[in-house]
Amino acid sequence: MHLPDAHAERDPAALATFIRANPFGTLTTSIAHPTIDTLQSTHIVWVLDDAPSEPSGLLLRGHLARANPQAQAMIASLAAHDLEGELADDVLVLFTSQTHSYVPPRWMPAGMASGRVAPTWQFSAVQVYGRARVVHSRSEEARGETDAWLRRMVGDLTDQEEARTHGTWRVDNAREGYTNALIKGIVGVEVRVRKIEGRFKVGQDEADGDWTGIVEGFKGRGTQLADDM
Numbered sequence: 069m070h071l072p073d074a075h076a077e078r079d080p081a082a083l084a085t086f087i088r089a090n091p092f093g094t095l096t097t098s099i100a101h102p103t104i105d106t107l108q109s110t111h112i113v114w115v116l117d118d119a120p121s122e123p124s125g126l127l128l129r130g131h132l133a134r135a136n137p138q139a140q141a142m143i144a145s146l147a148a149h150d151l152e153g154e155l156a157d158d159v160l161v162l163f164t165s166q167t168h169s170y171v172p173p174r175w176m177p178a179g180m181a182s183g184r185v186a187p188t189w190q191f192s193a194v195q196v197y198g199r200a201r202v203v204h205s206r207s208e209e210a211r212g213e214t215d216a217w218l219r220r221m222v223g224d225l226t227d228q229e230e231a232r233t234h235g236t237w238r239v240d241n242a243r244e245g246y247t248n249a250l251i252k253g254i255v256g257v258e259v260r261v262r263k264i265e266g267r268f269k270v271g272q273d274e275a276d277g278d279w280t281g282i283v284e285g286f287k288g289r290g291t292q293l294a295d296d297m
């Protein structure tokens with residue numbers, strides 16, 4: 069990630085808070101396969117755990133459809149390299165705030181007066197790098213352990229998102245047969261976070277007059293996005 073000093077956020081606590089507030093992240097892998105594109109990305113809702121045993125202190129958990137080409141490539145890579153569950157190379161997970169926007173030059177009076185001005189985009193994003201463990205059943209003997217992991221993960225994920233909507237629905241509320249069928253159709257992913265970094269580009273390096281102009285510009289729009297910006 070390109071990290072100009074003015075925009076760089078490296079505080080692990082702040083980055084973890086950002087991920088928990090914006091858990092819809094994009095998992096990207098680079099895995100050679102004869103029939104599946106090497107580069108694959110999937111949008112996944114993640115649970116971020118505190119993990120004191122990991123160097124970063126963080127662990128991501130999520131899932132994707134077993135029919136997803138990315139899942140198929142990951143499983144095939146494990147088999148090809150005779151690996152138990154962890155991919156040979158790092159994966160990347162990108163989290164982006166829903167609050168981002170174009171900033172027009174006319175909102176920056178100091179820049180307009182000097183001619184040293186250009187339009188820009190304000191945004192916040194966090195990138196996570198780490199080794200991914202693919203949770204799937206290689207044998208009938210392992211199915212019980214895999215199913216237990218997946219049930220815990222989807223339960224934790226549901227609880228996390230229900231809390232945002234002040235809901236009380238739980239996975240146990242669904243028919244067991246229906247839940248069992250869904251569990252069979254997914255593959256779990258657990259990422260041991262090796263590195264985490266963020267870029268919060270929100271006008272920190274703008275001149276005072278331009279920064280004020282940007283704030284007033286957003287206020288003048290009268291939209292929820294503008295208020296959030």
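Residue numbers (the numbering used here): 69 to 297.
C-beta atoms are modelled at their ideal positions from N, C-alpha and C, and glycine is treated no differently.
A quick note: this is a predicted structure, and the numbers were derived from the prediction, not measured.
If you look at Val283, you'll find it in the alpha helix (DSSP H) that goes Asp276 to Arg289. Rounded to whole angstroms, the separation of the alpha carbons of Leu107 and Val161 is 13 Å. In the DSSP assignment, Ser182 falls within the unbroken alpha helix (DSSP H) covering Pro177 to Ser182. Taking every protein chain shown into account, the CB of Arg184 has fewer than 16 other CB atoms within 10 angstroms, so this residue is exposed. Ala186 carries a coil assignment under DSSP once its states are collapsed to helix, strand and coil.
Phe86 is not bridged by DSSP to any residue.
In the structure shown, Gln272 falls within a coil segment according to DSSP collapsed to helix, strand and coil. Fully enclosed alpha helix (DSSP H) runs of no fewer than 4 residues occupy 137-148 of the region 84-153, in order along the chain. Its chain contains Pro80, Asp118 and Ala119 as the residues whose beta carbon lies nearer than 7 Å to that of Gly125, once the 5 sequence neighbours on both sides are disregarded; these appear in chain order. Arg267 and Ala84 have their C-alpha atoms roughly 13 Å apart. Per DSSP, Leu293 is one residue of the alpha helix (DSSP H) stretching across Gln292 to Asp296. Its chain contains Trp175, Met176 and Pro177 as the residues whose beta carbon lies nearer than 7 Å to that of Gly281, once the 5 sequence neighbours on both sides are disregarded; these appear in chain order. Every unbroken stretch of the alpha helix (DSSP H) spanning 4 or more residues and falling wholly within the region 221-254 is given here in chain order: 244-252.
Counting along the chain, Thr167 sits inside no beta strand (DSSP E), nor does DSSP assign it H or E at all. Trp279 and Asn90 have their C-alpha atoms roughly 25 Å apart. Each residue's CA atom was taken as its position, placing Leu95 and Ala231 some 24 Å apart. In terms of Cα proximity to Asn136, the closest of His111, Ala147, Gly93 and Asp276 is His111. Of the candidates Gly277, Gly290, Glu274 and Lys269, the residue whose Cα lies closest to the Cα of His168 is Lys269. Here Thr236 is exposed: its Cβ has fewer than 16 other Cβ atoms, across all protein chains shown, within 10 Å. Cβ neighbours of Pro173 within its own chain (closer than 8 Å, five residues either side excluded): Gly179, Met180, Val185, Ala186 and Pro187. By alpha-carbon distance to Gly93, the top candidate from Ser182, Leu132, Ala148 and Thr164 is Thr164. Here the alpha carbon of Pro72 sits roughly 19 Å from the alpha carbon of Tyr197.
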